[in-house]
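Here is the structure we will look at.
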Amino acid sequence: MQKREFVNSIYKKSLSLIYNWLGDKIFLITIVSLGISIILLALGMAWVLLYEGHTSLKVHGVIGFLTSSEWDPAVKLRFGSLPFLFGTVVTSVGALVIAFFPAIAIAIFIAEYAPKWLGNIIENMVHLIAAIPSVVVGIWGIFVFVPWMREVVYQPVYTWALENNSSLLPILGNPIGYGMASATIILALMIIPFTTALTKDAIDQVPKEQREAAYALGATHWEVIRMAVTPYARGGIMAGSVLSFGRAIGETMAVAMLIGNKNNFPFTIFGPAATMPSVIINEFREAVENLHLSSLMAIGLVLFVISLIVNLFAAYITRKLSITGGQSI
Amino acid sequence: MCSYKKTEKSLLQRKIHDKFMVALLMISTIVVMTPLIIIVGYVVYNGIGAINADFFTQELGSPTRAIQGRPTGLVHTMVGTAVVDLLALIISAPVGIGAGIMLSEYPDHKLNPFLRIMNDTLNGMPAILKGLLAFAVIVKPMGSFSGLAGGVALAFVMIPIIARSTESALMNIPWSIREAGLAIGLPRWRVVLSTVIPAARTGLVTGFLIAFARAAGEAAPLLFTSFGNNYLPNHWTGMIFGPVDTLPQRLYSLAISPYKEWHSMGWAAGIVLLSFVIILFVISRLLTKQKH
Amino acid sequence: MKRIKMIKSIQLFVLFSLSLLVVSCGGRSDSSSETGSKKSSKSERITVLGAGASFPAPLVTAMADDYRDITNNRVTVNYQSIGSGGGVRQFVEQTIMFGMTEAFLSDEVIANIEQSTQGKAFNMPITLADVVATYNIPGVDEQIVFNSELLVNLFLGNITSWDDPRIAEINPDIDFPSIPVTIVHRSDGSGTTNIWTSYLSSVSKEWRDRIGFATSVNWPVGVGGNGNEGVAGAVMNSPGALGYNSLSYALLNDMDYAAIINSSGNIIEPSYEATTAAADIDLPADTRVLFTNTPAPDGYPVAGFAWMLVYENLEKNNAINSRKEAVELVKFLIWTITDGQNLSEDLGYARLPQAAVDRNFEMIRQIKWEGEKIGEELLKAAIN
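Protein chains in written order, with this note's numbering: chain A, 1 to 329; chain B, 1001 to 1292; chain C, 2001 to 2384.
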């Protein structure tokens, strides 16, 4: 009887050991391998880009590829990524500069001023707008925004410059509608919801006490925001902006539909330009020469590296600038 | 120092300043929201005319059909979109959830910082590169464009989003719940699967829906994976193993085509795409509301 | 109760992981057996997959519509316009049954294909592409005339104003305004660009050495428009603009387009007849010829073929899985160059000249499936 109980207990124990210990092991292995598959996916992407793009990097040299502004797929077969690198940086920085303050304004308005129901509506709309597909924004840009901007802004400014200050003309460029300015503005519109959402999150993390202390000192609402809220949230806001910048860098369809796609360098404000994703989407389908295709892949690699740096930078800022020192609450 | 300066201003001045800032914030909110609402308005305004019974029941065929006013529509596109998006969800859900669990439930794992950076980088990569990757790993070995390849490409878009949203949904579950589970002797895996995940259910689903909505709007990765088709495939397997049409990619090719009739079909496709995204969005919001 | 929940969640988890496995692994290994089952269950219905140049896409898709009706929905031709370069590349990668291109296969590509498939790759002209110079000059309603020299100088940026005496010299009756010339070109890779630049290359050594011809080139001046659409929009909206579009597109959008003096010294107004006439030259057997700046006296000088690309040994193409598919592909091919041509004019395309049809027949006769000359049999059946 006792023996039987003993065997039984051993049996039970080993069962629970399997259940607990082995179960945990299997679970951990499954989870970690799923996690690793994401890492592999990212590395795999880098490898595919490197593998396909290394021919071009070898021919032009890494530095040569990054600094040459010559993109000639017909005669000389020389490829340099500078015009696209520059186009990407200028449109993205421009979009961030345009989007930054409005986005923060909306976030502050939702978080601090608006009555709860209104805040909810606006916040929901911001999230919804962030979900509008890029191609839908693009089709609107082609048929509505570009013609309108051409009539109302570009052409009047161009005509004015023609009559009054012709030295501006080379900087302004052709007021055709498709170009750097249109793409930047659309890009700004597209990242505003994103920046707003991240800023709102950062503001929401500010502890109540912080605010109450400021109110107790007799500050007005705006002063509370300036003195208590924004300094506390600045790490999150900054990191959010960097992430929005990263988002702008990778934006493809709407930009490709609106930027006019010309690999000229130096560029003009109104005139057409190109970004790294836009040149990939425009020329990938038509590239017949291997070196051309390889160069497009190499641009993808550059894009990958920039994206990696931006994300590392955002993580760094979150840790450095936030008052909590990176500890999540 | 800052507050010292403030005291020199009169209370009235400070209050006016306060009101002024409110007005400024409101104005900028309105200014920014307007064009975004206009986009939606334009899509509906321009596309509504092309939406009719044919639009939902006919295949596209050639542009001459549209120009000559013969029946043409996007039924194959909508079916194709559903298939490709569902494939993407099935593929991406386990990977995304797994990575999310790793990040939130095993916060001390050595790989986590690396995983987080890689996941964010993947999330920030232009979708076209994910399409190139899917082309390299699915289309080339299989020897044909396919709905499956499109699903994999979109899964690459969804995975990092789901991983992120899963992580934050699980993080929102207080540690005390896990501790309670462990205290009554449950193994960790059971605590996660039967306590934490059910508790975070709505958060998880919301994350899926957001990822789904994002992927549903991607055109770039589909151009060289699911490829496009002007008709329904002959057999349902053709949806998975043959070229299929999807809404965003069809919308792009309709928009850049030279035919006015196709432009209005493009706008109409925009309406369908937008309604799809909005429905997903509203469901996810309702779920979140329910939770609170 | 709790137990059920637990089991449920475990089930769910296992299901997710399994579905991943099934989809990612099963998909690949099943692909061959899958096509097998597709054949048996729907033995009658066949899909012919093609892709490539966007210029002939409206014609080919309209042909596909008609062909589907003719065959009572039995044969579906799925043609996707992905651009000439894409057509060539996917043809070489063997992901499509036929490609379409406005730039014929290079010797190097053909040699590679010959090595890998022990057979040729045929370039079969299906239709003709023509590119016209479109312009927007306020106050000028008459059709202007260009010669080759003028066009080269305009596109090189050597002529910058419309009142340049060199333009007035050929157009003595037109009073040109003094406004700057804005060149508009395609920004995306395009077969239209290929034909336009190959014309400029064939008439100018400077252009050939500096810019060359390809689906996208390094333009010396001008602004880019995305697609035919983008160029047309830019031309119509900017006074002083000069661009290039396909003739059918210019007609469709009611744009002004110029006549061009050809190599025989005749002023040729663009028309479908003039385009067909341009191809009426001594064609080589493989039809791989550029006839921009055509020697034909009545030919419009900026025209070229759009080719369908097909392998000689069809079984070597991975995209073709069965003899049945190969047979339907060849049947469709024969139909496009015979009855299918009747669709041309209505859709804004020039008809294929007889010389090209004959060359096509020669090539079709050589098409084989596992050594069997199916091209010859089918052609005989079709013509009788």
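Yeah, the Cβ is synthetic: ideal placement off N, Cα and C, and Gly gets one too.
Treat the numbers as computed from the prediction; the structure is a model and nothing was measured.
Neighbourhood of residue i by C-beta distance below 6 Å, restricted to the same chain and skipping five residues each side
| i | result |
| --- | --- |
| Ser2040 of chain C | Summary for Ser2040 of chain C: the model assigns pLDDT 40, below 50, so the residue's position carries little reliability; its value from the coordinates is reported in the next sentence. Nothing meets the Cβ criterion. |
| Ser1165 of chain B | Gly1207 |
| Ala2326 of chain C | Leu2314, Ile2320 and Trp2369 |
| Leu1233 of chain B | Checking the sequence, you will find Pro at residue 1233 of chain B rather than Leu. Cβ neighbours of Pro1233 of chain B beyond the five flanking positions: Met1239 and Gly1242. |
| Leu243 of chain A | Ala314 |
| Leu1247 of chain B | Thr1077, Thr1081, Ala1269 and Leu1273 |
| Ser2081 of chain C | Ser2054 and Ala2057 |
| Ala216 of chain A | none |
8 Å Cβ shell around residue i - same chain, five flanking residues per side excluded
| i | result |
| --- | --- |
| Glu2034 of chain C | For Glu2034 of chain C, the pLDDT reaches just 39, beneath the cut-off of 50, and the residue's location in the model is therefore unreliable, although a value from the coordinates is still provided. Cβ neighbours of Glu2034 of chain C beyond the five flanking positions: none. |
| Asp2066 of chain C | Gly2340 and Leu2343 |
| Thr2192 of chain C | Phe2055, Glu2102, Ala2129, Val2131, Arg2186, Asn2228, Tyr2244, Asn2245 and Ser2246 |
| Val2231 of chain C | Thr2134, Val2184, His2185, Arg2186, Gly2225, Gly2243, Tyr2244 and Asn2245 |
Selection from the options that minimises the alpha carbon distance to residue i
| i | options | result |
| --- | --- | --- |
| Ile237 of chain A | A:Lys208, A:Val48, A:Val137 and A:Ile192 | A:Ile192 |
| Val146 of chain A | A:Val302, A:Ala183 and A:Glu163 | A:Ala183 |
| Ala1200 of chain B | B:Pro1141, B:Thr1072 and B:Pro1174 | B:Pro1174 |
| Pro1071 of chain B | B:Ala1053, B:Gly1143 and B:Gly1228 | B:Ala1053 |
| Val1191 of chain B | B:Gly1069, B:Ser1257, B:Leu1074 and B:Ile1177 | B:Ile1177 |
| Gly2233 of chain C | B:Asn1046, B:Gln1249, B:Tyr1259 and B:Ser1226 | B:Tyr1259 |
| Ala2296 of chain C | C:Thr2276, C:Pro2284, C:Asp2286 and C:Val2152 | C:Thr2276 |
| Asn1229 of chain B | B:Phe1114, B:Leu1103, B:Val1079 and B:Ile1101 | B:Val1079 |
| Ala2285 of chain C | C:Glu2362, C:Leu2333 and C:Pro2180 | C:Glu2362 |
| Phe143 of chain A | B:Leu1286, B:Val1282, B:His1263 and B:Arg1250 | B:His1263 |
Other residues of its chain near residue i: CB distance less than 7 Å, five sequence neighbours each side excluded
| i | result |
| --- | --- |
| Leu15 of chain A | none |
| Ala1088 of chain B | Gly1151, Leu1154, Ala1155, Met1158 and Ala1215 |
| Tyr2199 of chain C | Thr2292, Asn2293, Pro2301 and Val2302 |
Residue span of the beta strand (DSSP E) that contains residue i, given as start and end
| i | result |
| --- | --- |
| Thr2134 of chain C | Ala2121 to Asn2136 |
| Val2075 of chain C | Val2075 to Ser2081 |
| Tyr2244 of chain C | Ala2241 to Ser2246 |
| Leu2283 of chain C | Per DSSP, Leu2283 of chain C belongs to no beta strand (DSSP E) and is neither H nor E. |
| Gly2224 of chain C | Val2223 to Gly2225 |
| Ala2259 of chain C | Ala2259 to Ile2261 |
Neighbouring residues, chain B, relative to residue i (Cβ below 8 Å)
| i | result |
| --- | --- |
| Asp2069 of chain C | Neighbours of Asp2069 of chain C on chain B: none; closest Cβ ~10 Å, over 8 Å. |
| Tyr2249 of chain C | Pro1258 |
Neighbouring residues, chain B, relative to residue i (Cβ below 7 Å)
| i | result |
| --- | --- |
| Gly179 of chain A | None at all; the shortest Cβ gap to chain B is about 17 Å. |
Delimiting residues of the alpha helix (DSSP H) encompassing residue i
| i | result |
| --- | --- |
| Ile2183 of chain C | No alpha helix (DSSP H) holds Ile2183 of chain C; the beta strand (DSSP E) holding it covers Thr2182 to Arg2186. |
| Gly179 of chain A | Taken as a continuous stretch (DSSP letters only), Gly179 of chain A belongs to no alpha helix (DSSP H), as it is neither H nor E. |
| Tyr2272 of chain C | Tyr2272 to Ala2278 |
| Thr2192 of chain C | Gly2191 to Val2203 |
| Leu1036 of chain B | Leu1011 to Gly1047 |
| Trp2307 of chain C | That residue, Trp2307 of chain C, is in no alpha helix (DSSP H); its beta strand (DSSP E) goes Ala2303 to Tyr2311. |
| Ile2179 of chain C | No alpha helix (DSSP H) contains Ile2179 of chain C, which DSSP labels as neither H nor E. |
| Arg2166 of chain C | Pro2165 to Ile2170 |
| Asn2147 of chain C | Premise fails: Asn2147 of chain C is in no alpha helix (DSSP H) and is neither H nor E. |
| Gln210 of chain A | Lys208 to Ala216 |
| Val1123 of chain B | The question names Val, yet the displayed sequence has Asn at residue 1123 of chain B. Its alpha helix (DSSP H) spans residues Asn1112 to Gly1124. |
Per-residue contacts from residue i into chain A (C-beta, under 8 Å)
| i | result |
| --- | --- |
| Thr1121 of chain B | Ala42, Phe304, Ser307, Leu308 and Asn311 |
| Ala2057 of chain C | Residues of chain A passing the Cβ test: none, with the nearest at roughly 13 Å. |
| Met1102 of chain B | Ile31, Val32, Leu34 and Gly35 |
Interface partners of residue i on chain B, CB under 9 Å
| i | result |
| --- | --- |
| Gly260 of chain A | Result: empty, since nearest Cβ-Cβ is about 14 Å, beyond 9 Å. |
| Asn2318 of chain C | Gly1143 and Ser1144 |
Chain-ordered chain C contacts of residue i [CB-CB under 7 Å]
| i | result |
| --- | --- |
| Gly271 of chain A | Val2223 |
| Asn1234 of chain B | Lys2042, Arg2045, Thr2047 and Thr2076 |
| Ser1062 of chain B | Pro2058, Thr2061, Ala2062, Ala2064 and Asp2065 |
Contact set between residue i and chain A, taken where Cβ atoms lie within less than 9 Å
| i | result |
| --- | --- |
| Thr2182 of chain C | Asn174 and Ile176 |
Contacts of residue i in chain A (Cβ-Cβ under 7 Å)
| i | result |
| --- | --- |
| Leu1204 of chain B | Neighbours of Leu1204 of chain B on chain A: none; closest Cβ ~15 Å, over 7 Å. |
| Arg2089 of chain C | Val288 |
>> Please give me, in chain order, every unbroken run of the alpha helix (DSSP H) with length at least 4 that falls completely inside the segment 1227–1264 of chain B.
In response: Taken in chain order, the complete alpha helix (DSSP H) segments of 4 or more residues contained in the segment 1227–1264 of chain B are 1237–1241 and 1247–1255.
> What residue ranges within the segment 66–144 of chain A form continuous alpha helix (DSSP H) runs of no fewer than 4 residues, ordered along the chain?
Replying inline: 82–108, 116–130 and 134–140
> Which ranges does the alpha helix (DSSP H) cover as unbroken runs of at least 4 residues, wholly within the segment 1128–1194 of chain B, from first to last along the chain?
Replying inline: 1147–1171 and 1175–1183
> In the segment 2041–2117 of chain C, which residue ranges form an unbroken alpha helix (DSSP H) of at least 4 residues, counting only runs that do not cross its ends?
Replying inline: 2057–2070, 2084–2093 and 2107–2117
> Which whole runs of the alpha helix (DSSP H) in the segment 2300–2364 of chain C are 4 residues long or more, in chain order?
Replying inline: 2323–2337 and 2344–2347
>> In chain order, what are the residue ranges of uninterrupted alpha helix (DSSP H) at least 4 long that sit wholly in the segment 239–288 of chain A?
In response: Runs found: 253–258 and 276–283.
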